[in-house]
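Sequence order for the protein chains is A and B. Each residue of the first sequence is one higher than the one before, counting from 484 in my numbering. Each residue of the second sequence is one higher than the one before, counting from 484 in my numbering. Here's the structure we're looking at; comments come further down.
There are 2 protein chains.
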Amino acid sequence: MLNTRQLQILQLIIDDFINNGMPVGSRTISKNPTLAISSATIRNEMADLEELGYIYQPHTSAGRVPSDLGYRLYVDSLAADKLLDAEQRVLIRNLLLSGKIKAEEIVEKAAHLLAEMTGLAIVASYPGFKKRALSNLKLIKISDAKVLLILVSDNEVVKSITLSFSGTNQDILDLISNSLVRNLEGSTIEDIDIKKISRLKYDLKQYGNVIDYLVPILRDSLKNIEDNEFYIDGFENFLTVPEFSNSEKARKMYRLFERKEILNELFDDIQSEGIFIKIGDENKITELNECSVITTAYRYRSKDLGKIVVIGPKRMDYRGIISVVEYTRNTLSDIFSGIYL
Amino acid sequence: MLNTRQLQILQLIIDDFINNGMPVGSRTISKNPTLAISSATIRNEMADLEELGYIYQPHTSAGRVPSDLGYRLYVDSLAADKLLDAEQRVLIRNLLLSGKIKAEEIVEKAAHLLAEMTGLAIVASYPGFKKRALSNLKLIKISDAKVLLILVSDNEVVKSITLSFSGTNQDILDLISNSLVRNLEGSTIEDIDIKKISRLKYDLKQYGNVIDYLVPILRDSLKNIEDNEFYIDGFENFLTVPEFSNSEKARKMYRLFERKEILNELFDDIQSEGIFIKIGDENKITELNECSVITTAYRYRSKDLGKIVVIGPKRMDYRGIISVVEYTRNTLSDIFSGIYL
DNA sequence: GCTTGGCACTCGAACGAAGAGAGTGCTAAC
DNA sequence: GTTAGCACTCTCTTCGTTCGAGTGCCAAGC
Numbered sequence: 484m485l486n487t488r489q490l491q492i493l494q495l496i497i498d499d500f501i502n503n504g505m506p507v508g509s510r511t512i513s514k515n516p517t518l519a520i521s522s523a524t525i526r527n528e529m530a531d532l533e534e535l536g537y538i539y540q541p542h543t544s545a546g547r548v549p550s551d552l553g554y555r556l557y558v559d560s561l562a563a564d565k566l567l568d569a570e571q572r573v574l575i576r577n578l579l580l581s582g583k584i585k586a587e588e589i590v591e592k593a594a595h596l597l598a599e600m601t602g603l604a605i606v607a608s609y610p611g612f613k614k615r616a617l618s619n620l621k622l623i624k625i626s627d628a629k630v631l632l633i634l635v636s637d638n639e640v641v642k643s644i645t646l647s648f649s650g651t652n653q654d655i656l657d658l659i660s661n662s663l664v665r666n667l668e669g670s671t672i673e674d675i676d677i678k679k680i681s682r683l684k685y686d687l688k689q690y691g692n693v694i695d696y697l698v699p700i701l702r703d704s705l706k707n708i709e710d711n712e713f714y715i716d717g718f719e720n721f722l723t724v725p726e727f728s729n730s731e732k733a734r735k736m737y738r739l740f741e742r743k744e745i746l747n748e749l750f751d752d753i754q755s756e757g758i759f760i761k762i763g764d765e766n767k768i769t770e771l772n773e774c775s776v777i778t779t780a781y782r783y784r785s786k787d788l789g790k791i792v793v794i795g796p797k798r799m800d801y802r803g804i805i806s807v808v809e810y811t812r813n814t815l816s817d818i819f820s821g822i823y824l
Numbered sequence: 484m485l486n487t488r489q490l491q492i493l494q495l496i497i498d499d500f501i502n503n504g505m506p507v508g509s510r511t512i513s514k515n516p517t518l519a520i521s522s523a524t525i526r527n528e529m530a531d532l533e534e535l536g537y538i539y540q541p542h543t544s545a546g547r548v549p550s551d552l553g554y555r556l557y558v559d560s561l562a563a564d565k566l567l568d569a570e571q572r573v574l575i576r577n578l579l580l581s582g583k584i585k586a587e588e589i590v591e592k593a594a595h596l597l598a599e600m601t602g603l604a605i606v607a608s609y610p611g612f613k614k615r616a617l618s619n620l621k622l623i624k625i626s627d628a629k630v631l632l633i634l635v636s637d638n639e640v641v642k643s644i645t646l647s648f649s650g651t652n653q654d655i656l657d658l659i660s661n662s663l664v665r666n667l668e669g670s671t672i673e674d675i676d677i678k679k680i681s682r683l684k685y686d687l688k689q690y691g692n693v694i695d696y697l698v699p700i701l702r703d704s705l706k707n708i709e710d711n712e713f714y715i716d717g718f719e720n721f722l723t724v725p726e727f728s729n730s731e732k733a734r735k736m737y738r739l740f741e742r743k744e745i746l747n748e749l750f751d752d753i754q755s756e757g758i759f760i761k762i763g764d765e766n767k768i769t770e771l772n773e774c775s776v777i778t779t780a781y782r783y784r785s786k787d788l789g790k791i792v793v794i795g796p797k798r799m800d801y802r803g804i805i806s807v808v809e810y811t812r813n814t815l816s817d818i819f820s821g822i823y824l
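Next up, the structure:
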């Protein structure tokens, strides 16, 4: 559709616009030594590119700015994915590996790292829990009145819940824990039912009264488990982006991401495998029509574990950001899949 | 020092300025029915108040704005602390009590709630952990290669650490956990030493090789425990404050609170008991000279557990905010002290 | 002697005109 | 097909003007 020169000019315009954020004039492009054509010729080509919808003028006497279509072509032609340089790769890996911590914390760390490295806003979903199978469980005495219930899912995510429960000791709790694991292991966490819990009574007849007291507490607690759905980081980055430095706009963006239904809509739309980019109007959520949204999923072995969404202005360093996101995603997947352990 | 009328005028000026954010003119004050004096008289009084340093003019033909000294007098004369209305009290308590969760999560919830209710930025420190005594401990198998170490401190704070540790089963882990608890219970967590851990060997001779493998992992993990020091929330609120809506300023504030040494300085300065307010230049940290900082500490029984800092522009609804902060602090203390459990 | 109406004065905010500058489209020549 | 040249357009900045809110001070009044 576009000839080589047109494509080259379009790329130069977009590169320049990404760097400087100001409409690009024909003279700027004509200065490029690999092109060696005059500004007048560039102007003619620009008029064509505009007619084809790849660029437009904010006003009559301004330079050109890429349209969504222009960005799309630009992004699609970034086939030669820049590999992250070794230094950055080591940095990311070391930061994510430092301190062996909980799944949630690793995701948060990765999102924070991404926010810092990309200078954009990040939303990440935590590894799922409720829909997974239970793989281990433990009751731990915290104080005279409190017991901690630890649940481990088959995707190695851990949750803890504090119960109000007194008049027991750790030895009894261990017995109860063991019995519960035997009875509940393999059940989907959100579907754990009272019947299975009640089998405790038969296992541990001698502690009947303790169990009678504990069962309803356990049931209620399990019912109230919630997936901590999203972690948000780097929204303050919107404050430095000239396109959003109008604090009204920045705040609107922030408020947008406090709305769970918006996040759900955004996350439901993410396909697995690879990295996806939605530019401007390509986003279904109209509030994001001025943004580009880059999404990917991190995995546990061969299943999706959670998703990462990068949100920024359409004017962003796609090439660099894609490579950082990709490497972080892969590292995260490796960590969760146990490659590094 | 000030006569009744002067004090009244000062309060009216500050009330009006807090509400409207614009310099207050003599005519505005003279309209107040309880005063019933002309604007000319107000002007004379204002000139006196300015001479005394309680108010000042941003420029010659503008109204008056409270100085730090003026705010100080205003805040100190707010003796009749407004009690929070029952509705808000119930709201705060229910929100903080809903779902019995971990200490960290309760603090985060409280900070988030405060950010929403006050419209200001909140920094909270989590309950301390490293300097506390160990009260319970448990190893839980997560997968073939991972074991979770759960630590409970005597102030009922729970931490979990993932260890890479394979070739064992939950029964052995239970035995090891029990032995560790016996040997380490009461030790200060950051001081747990290898010697005490090594006693495992004598307790559980039959698992000698497992123990030899586990001890160094445990030691390293315990060394690397870090107190998750601070939780920050509501900084986006700075975007709505006209005084900071200049996004440069808002961003500066945000960056300020990413610096741990600043937060440490801020938190070290907090006294216990009660609610403290630093206005403008009263803050040692020069970057906060345009802000007011309200601080308080939540407690576990009769000892400080963590601190809460509210940061906003000097122009804030001190009366309302103090009462919200106070009630939240008290509720938090009650929850941690087990009053509600 | 405090209070008040009146008045000249001051200063910032808003508005508009003028000028500069960047960039364009078009035309005619190469 | 490319390019130099030129008229044209539109934004941005600057500068002066006006408008209005608010002041300080003075002289009269209670």
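Beta carbons: idealized from backbone N, C-alpha and C, even for Gly.
Quiz item: Taking only beta-carbon atoms, is Ala733/B less than 8 Å away from chain A?
Solution: Indexing the second sequence from 1 puts residue 733/B at position 250. Yes, Ala733/B counts as interfacial toward chain A.
Quiz item: Mind pulling the chain A residues with CB within less than 8 Å of Gly821/B?
Solution: To locate residue 821/B, count along the second sequence from 1; it is residue 338. Chain A residues near Gly821/B: Ser626, Ala628 and Lys629.
Practice problem: Note down, one range per segment and in chain order, each beta strand (DSSP E) of at least 3 residues found wholly within the stretch 550–638 of chain B. | Solution: 604–608, 617–624 and 629–636
Quiz prompt | Partners in chain B for Lys592/A, counting only beta-carbon separations shorter than 9 Å | solution = Working through the first sequence from its first residue, we reach residue 592/A at position 109. Under the 9 Å cutoff, chain B gives no residues; its nearest Cβ is about 12 Å from Lys592/A.
Practice problem: Tell me, please, whether the CB atom of Ile728/A is closer than 8 Å to any CB atom in chain B? | Solution: Counted from its first residue, the first sequence places residue 728/A at position 245. Note on residue identity: the sequence assigns Ser, not Ile, to residue 728/A. Yes, Ser728/A counts as interfacial toward chain B.
Self-check item: Buried or exposed by the 16-neighbour rule on C-beta atoms within 10 Å, applied to Leu566/A
Solution: As a position in the first sequence, residue 566/A is number 83, starting the count at 1. Its Cβ having fewer than 16 others within 10 Å, Leu566/A is exposed.
Quiz prompt | Stretch-stretch touch, CB-based, cutoff 8 Å, three pairs: the stretch 718–728 of chain A with the stretch 787–797 of chain A | solution = yes
Quiz item: Is it buried or exposed for Met484/A, if we count other Cβ within 10 angstroms and need 16 for buried?
Solution: The sequence position of residue 484/A within the first sequence is 1, counting from 1. It counts as exposed.
Quiz prompt | Assigned exposure category for Lys592/B - 16 Cβ within 10 Å defines buried | solution = Walking along the second sequence from the start, residue 592/B turns up at place 109. Label assigned to Lys592/B: buried.
Practice problem: Spell out whether any CB of chain A is found under 8 Å from the CB atom of Val641/B. | Solution: Residue mapping note: residue 641/B aligns to position 158 of the second sequence, counting from 1. It does; some Cβ of chain A falls within 8 Å.
Exercise. Pull up the DSSP beta-bridge partners for Lys786/B, would you.
Key: Locating residue 786/B in the second sequence gives position 303, where the first residue counts as 1. Tyr783/B, per the DSSP bridge assignment.
Quiz item: To which residues of the same chain is Asn666/B closer than 6 Å at the C-beta, ignoring the five residues directly before and after it?
Solution: The count along the second sequence starts at 1 and reaches residue 666/B at position 183. Only Lys679 and Arg682 meet the Cβ criterion.
Exercise. Determine the chain A residues that contact Leu603/B at a beta-carbon separation under 8 Å, and present them in chain order.
Key: As a position in the second sequence, residue 603/B is number 120, starting the count at 1. Going along chain A, no residue has its Cβ under 8 Å from Leu603/B, so there is no contact; the nearest lies around 15 Å.
Quiz prompt | Distance between Arg510/A and Val590/B (C-alpha atoms, nearest Å) | solution = The residue given as residue 590/B occupies position 107 in the second sequence. The residue given as residue 510/A occupies position 27 in the first sequence. One C-alpha to the other measures close to 58 Å.
Quiz item: To which residues does DSSP link Pro796/B through a beta bridge?
Solution: Taking the first residue of the second sequence as 1, we reach residue 796/B at position 313. DSSP lists Cys774/B as partners of Pro796/B.
Quiz item: If you measure from the CB of Thr814/B, is any heavy atom of the ligand ATP nearer than 7 Å?
Solution: Questions concerning the ligand ATP fall outside what the structure shown contains, since it holds no ligand whatsoever.
Exercise. Can you give me, in chain order, the residues of the stretch 665–692 of chain A that have a beta carbon less than 7 Å from any beta carbon in chain B?
Key: none
Quiz item: At a Cβ threshold of 8 Å, is Ile655/A touching chain B?
Solution: By one-based count along the first sequence, residue 655/A stands at place 172. So no, Ile655/A is outside the interface.
Quiz item: Of the residues that make up the stretch 713–724 of chain B, which ones have a beta carbon closer than 8 Å to any beta carbon in chain A?
Solution: Phe718, Glu719, Leu722 and Thr723
Practice problem: May I ask you to report which of helix, strand or coil DSSP gives Asp716/B? | Solution: In the second sequence, the residue the question calls residue 716/B occupies position 233. Reduced to three states, the DSSP call for Asp716/B is strand.
Quiz item: For Ser820/A, does the three-state DSSP call read helix, strand or coil?
Solution: One-based indexing of the first sequence puts residue 820/A at position 337. Here Ser820/A sits in coil by DSSP.
Quiz item: Below 8 Å, can you find three or more Cβ-Cβ pairs linking the stretch 511–523 of chain B to the stretch 532–544 of chain B?
Solution: no
Quiz item: DSSP on Arg802/A, reduced to helix/strand/coil?
Solution: If you number the first sequence from 1, residue 802/A lands on position 319. Note: Arg802/A maps to helix in three-state DSSP.
Practice problem: Identify each residue in the stretch 770–799 of chain B for which the Cβ-Cβ distance to at least one residue of chain A is less than 9 Å, and report them in chain order. | Solution: none
Quiz item: By how many angstroms is the C-alpha of Pro549/A removed from the C-alpha of Thr779/B?
Solution: Start at 1 with the first residue of the second sequence, and residue 779/B comes out as number 296. Start at 1 with the first residue of the first sequence, and residue 549/A comes out as number 66. Taking the straight line joining both Cα atoms gives about 52 Å.
Quiz item: Can we say the stretch 608–617 of chain A touches the stretch 634–641 of chain A, given the rule of at least three CB pairs closer than 8 Å?
Solution: yes
Quiz item: Leaving out five residues before and five after Ile694/B in sequence, what residues of the same chain have Cβ atoms less than 8 Å from its Cβ?
Solution: Within the second sequence, residue 694/B is the residue found at index 211, counting from 1. Excluding residues within five positions, the ones whose Cβ falls inside 8 Å are Ile659, Leu683, Lys684 and Leu687.
Quiz item: Closest Cβ-Cβ distance between Ile659/A and chain B: below 8 Å?
Solution: Taking the first sequence and counting its residues from 1, the one referred to as residue 659/A is at position 176. Chain B, which has no Cβ nearer than 8 Å to the Cβ of Ile659/A, makes this no.
Exercise. Look at the alpha carbon of Tyr714/B and the alpha carbon of Leu597/B, and state the distance between them as a whole number of angstroms.
Key: Against the second sequence, residue 714/B aligns to sequence position 231. Against the second sequence, residue 597/B aligns to sequence position 114. Roughly 12 Å separates the two Cα atoms.
Quiz prompt | Contact list for Asn619/A against chain B, beta-carbon separation under 8 Å | solution = Locating residue 619/A in the first sequence gives position 136, where the first residue counts as 1. Chain B residues near Asn619/A: Ile623, Lys624, Ile625 and Gln653.
Practice problem: Grab the span of the beta strand (DSSP E) containing Ile644/B for me, first residue to last. | Solution: In the second sequence, the residue the question calls residue 644/B occupies position 161. Unbroken beta strand (DSSP E) run through Ile644/B: Val641 to Ser647.
Quiz item: How should Ala545/A be labelled, buried or exposed, when 16 other C-beta atoms within 10 angstroms of its C-beta is the threshold for buried?
Solution: Residue numbering aside, residue 545/A sits at position 62 when the first sequence is read from its first letter. Under this definition Ala545/A is an exposed residue.
Quiz item: Do Leu493/B and Tyr557/B have their C-beta atoms within less than 8 Å of each other?
Solution: Locating residue 493/B in the second sequence gives position 10, where the first residue counts as 1. Locating residue 557/B in the second sequence gives position 74, where the first residue counts as 1. Yes, the Cβ-Cβ distance between Leu493/B and Tyr557/B is below 8 Å.
Practice problem: Kindly indicate the opening and closing residues of the beta strand (DSSP E) around Ile753/B. | Solution: If you number the second sequence from 1, residue 753/B lands on position 270. Looking at the DSSP string, Ile753/B is not in any beta strand (DSSP E), and its letter there is neither H nor E.
Quiz prompt | Rounded Cβ spacing between Ser670/B and Leu617/B (contact assumed at less than 8 Å) | solution = Walking along the second sequence from the start, residue 670/B turns up at place 187. Walking along the second sequence from the start, residue 617/B turns up at place 134. About 6 Å separates the two Cβ atoms, so the contact holds.
Exercise. For Val635/B, decide whether its Cβ has a neighbour in chain A, counting only Cβ atoms nearer than 8 Å.
Key: Working through the second sequence from its first residue, we reach residue 635/B at position 152. By this cut-off, Val635/B is an interface position.
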